[in-house]
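Quick note on the numbering used here: the sequence shown kicks off at 1198 and runs consecutively.
Positions of the beta carbon are idealized from the N, C-alpha and C atoms, including for glycine.
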Amino acid sequence: MKIQKNISLKNYNTFGIDAIANTFIQIESQKHINDLKLIINQLPKPFYILGSGANTLFTKDYTGTIIFINNKGINIIEENNNDIFVEVQAGEIWNDLVNFCVNNNYYGIENLVEIPSTVGASAIQNIGAYGMEVKETIHTVKYTDLQTFKSVELSNTKCEFDYRNSIFKNKLKNKVIITSIIFKFKKYSTLKLNYGSINSELKNQNIISPNLKQITSIIRNIRASKIPDPKVIGNAGSFFKNPIISKHELKIIKNKYPNIIYYPVNNNSFKIAAAWLIENANLKGCQIGGAAVHKDQALVIINKGFATATDIVKLSNHIKNSIRNLYNINLHTEVIFI
Ligand code: EPU
1198 MKIQKNISLK
1208 NYNTFGIDAI
1218 ANTFIQIESQ
1228 KHINDLKLII
1238 NQLPKPFYIL
1248 GSGANTLFTK
1258 DYTGTIIFIN
1268 NKGINIIEEN
1278 NNDIFVEVQA
1288 GEIWNDLVNF
1298 CVNNNYYGIE
1308 NLVEIPSTVG
1318 ASAIQNIGAY
1328 GMEVKETIHT
1338 VKYTDLQTFK
1348 SVELSNTKCE
1358 FDYRNSIFKN
1368 KLKNKVIITS
1378 IIFKFKKYST
1388 LKLNYGSINS
1398 ELKNQNIISP
1408 NLKQITSIIR
1418 NIRASKIPDP
1428 KVIGNAGSFF
1438 KNPIISKHEL
1448 KIIKNKYPNI
1458 IYYPVNNNSF
1468 KIAAAWLIEN
1478 ANLKGCQIGG
1488 AAVHKDQALV
1498 IINKGFATAT
1508 DIVKLSNHIK
1518 NSIRNLYNIN
1528 LHTEVIFI
């Protein structure tokens, strides 16, 4: 395993921020994990486990060790008439897995097409889009504990999945390396078409019983109309989570803002569309230095090509303060600040 020093992280985060990592190692196999065990005490701390960097903002140079996960492999391990169990190495690109499923007619992650992520990070973040979350198809997460170097298998219920959250963002944060995930996909149609404009788009195209290719193509188009391709314009998808507020709080806000967009979570809590809050605060297009609120999706902060991390942090604080002052709601970042 190669240990690299003073590496630029510009190509390792989708914002394209040019921070320098003191130490950088790459995990491509179990052998690399065995090697890591032998040298871990010599590596500068803290450790940060990095996938595709699609949810990370490096606010300064990193004085510890970046552990970049780059192990590959997609293997069918078991199947029956209804289900197929597929073990996928953590460093696989998420969209490659979606394409694998679409090409083989396995159902369960099609609405998550084009999400920039690695497979390992998909579990950490419980990625979600268009009415689907990855927790619905994760069967088991396998990880190596960085203290004991034991391999552990965590069943779905033990992962404490929640909205953009899991045990890996809390108790196990930067303490484990997720090595692979076993997914349970369906071999029969389980399409979810109710979110946003999917159904109306199907009607427009006269598609009555859509297949996986048609669904992913529709979602790709919807995404492309709102979320810029990070390879072209630096961004990390939604910058903030959609805030969850109580029935009572919603009542107060609705009095003042009857057009507010929200969805019920349960009897007493509601998820508010943060994009609506930001747009309605007239912040679309708002720019600080090289960082700006995206004109087509107010929840996305973009790098106009010359943004520094400080520009992004300043813009984020400005948005948070404006939303608090206007609606008395606290926004929380989905993006992790390092
Ligand atoms: N809206 C506005 N202004 C905007 C954009 C949207 O008012 O500038 C309104 C829309 O009209 C819609 C509502 O806000 O009624 C929600 O918008 P959208 O469907 O685009 O979804 P979102 O809540 O902004 C979430 C996820 C996205 C995911 C989409 C689609 C979070 C934090 N974000 O965004 O996930 O792609 O739903 O399912 O939950 C990500 O996590 O990085 C991400 C992109």
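Residue i and residue j: beta carbons closer than 8 Å?
i        : j        : result
Phe-1380 : Ile-1324 : no
Ile-1375 : Val-1338 : yes
Thr-1211 : Asn-1432 : yes
Ile-1498 : Pro-1440 : no
Val-1331 : Ala-1287 : no
Gly-1273 : Val-1285 : Before going on, a small fix: residue 1273 reads as Ile here, not Gly. It is not a contact, given that the beta carbons lie outside the stated cut-off.
Phe-1436 : Glu-1531 : yes
Phe-1382 : Ile-1271 : no
Ala-1471 : Ala-1488 : no
Ile-1457 : Ile-1449 : no
Thr-1262 : Leu-1235 : no
Ser-1363 : Glu-1357 : yes
Ala-1251 : Gly-1502 : no
Asn-1500 : Ile-1424 : no
Asn-1371 : Ile-1246 : yes
Ile-1469 : Ile-1509 : no
Lys-1366 : Met-1329 : no
Thr-1345 : Val-1373 : no
Asn-1465 : Lys-1444 : yes
Whole angstroms are fine: how far does the CA of residue j sit from the CA of residue i?
i        : j        : result
Lys-1257 : Gln-1411 : 42 Å
Glu-1311 : Ser-1414 : 10 Å
Phe-1221 : Tyr-1524 : 43 Å
Gln-1484 : Ala-1216 : 22 Å
Glu-1355 : Ile-1516 : A small correction: the amino acid at residue 1355 is Lys; Glu does not occupy that position in the sequence shown. Roughly 35 Å between the two C-alpha positions.
Val-1490 : Asn-1231 : 44 Å
Glu-1476 : Phe-1265 : 36 Å
Asn-1536 : Ser-1377 : In the structure as shown, the chain starts at 1198 and stops at 1535, and residue 1536 therefore has no counterpart that could be examined.
Asn-1387 : Tyr-1209 : The question names Asn, but residue 1387 is Thr in the sequence shown. Rounded to the nearest angstrom, the two C-alpha atoms are 35 Å apart.
Asn-1452 : Arg-1361 : 29 Å
Ile-1535 : Tyr-1259 : 8 Å
Glu-1307 : Arg-1420 : 13 Å
Ala-1512 : Phe-1255 : Strictly speaking, residue 1512 in this sequence is Leu, with Ala absent from that position. Near 15 Å, if we compare the C-alpha coordinates of Phe-1255 and Leu-1512.
Leu-1369 : Tyr-1327 : 28 Å
Lys-1228 : Ser-1314 : 24 Å
Asn-1278 : Ser-1394 : 32 Å
Tyr-1392 : Leu-1474 : 20 Å
Asn-1418 : Ala-1495 : 18 Å
Tyr-1385 : Asn-1302 : 8 Å
Phe-1244 : Leu-1528 : 27 Å
Leu-1343 : Asp-1426 : 34 Å
Glu-1275 : Ile-1520 : 49 Å
Asn-1403 : Leu-1233 : 55 Å
Asn-1353 : Asp-1359 : 11 Å
Met-1198 : Ala-1218 : 17 Å
Leu-1177 : Ser-1226 : Any answer about residue 1177 is impossible in this case: the structure gives the chain only from 1198 up to 1535.
Phe-1297 : Lys-1400 : 27 Å
Ile-1248 : Asn-1203 : For clarity, residue 1248 is Gly in the given sequence; the question names Ile instead. Each residue's alpha carbon lies about 19 Å from the other.
Thr-1507 : Ile-1405 : 49 Å
Gly-1305 : Asn-1518 : 38 Å
Pro-1407 : Leu-1309 : 16 Å
Just to confirm the assignment, what range does the beta strand (DSSP E) spanning residue i have?
i        : result
Gly-1261 : 1259-1266
Ser-1342 : Note that residue 1342 is Asp in the sequence shown, not Ser. From DSSP, the beta strand (DSSP E) with Asp-1342 extends over 1335-1342.
Val-1310 : Note, Val-1310: premise wrong, no beta strand (DSSP E); not H, not E.
Lys-1202 : 1200-1205
Asn-1219 : 1217-1224
Ser-1363 : Ser-1363 -> no beta strand (DSSP E), and no H or E assigned at all.
Asp-1280 : 1280-1286
Tyr-1245 : 1244-1247
Lys-1332 : Looking at the DSSP string, Lys-1332 is not in any beta strand (DSSP E), and its letter there is neither H nor E.
Lys-1381 : 1373-1383
Ala-1489 : 1488-1490
Asn-1208 : That residue, Asn-1208, is in no beta strand (DSSP E); it is neither H nor E in DSSP.
Between which two residues does the alpha helix (DSSP H) carrying residue i extend?
i        : result
Leu-1351 : No alpha helix (DSSP H) contains Leu-1351, which is instead part of the beta strand (DSSP E) from 1348-1352.
Thr-1507 : 1506-1524
Leu-1294 : 1291-1301
Leu-1235 : 1227-1236
Val-1316 : 1316-1322
Using a Cβ-Cβ cut-off of 8 Å, state whether residue i counts as contacting chain D.
i        : result
Lys-1368 : Included in the structure is just one protein chain, with no chain D present.
Can you list, in chain order, the stretches of the alpha helix (DSSP H) that have 4 or more residues and sit fully within the segment 1385-1471?
-> 1395-1401, 1409-1423 and 1444-1453
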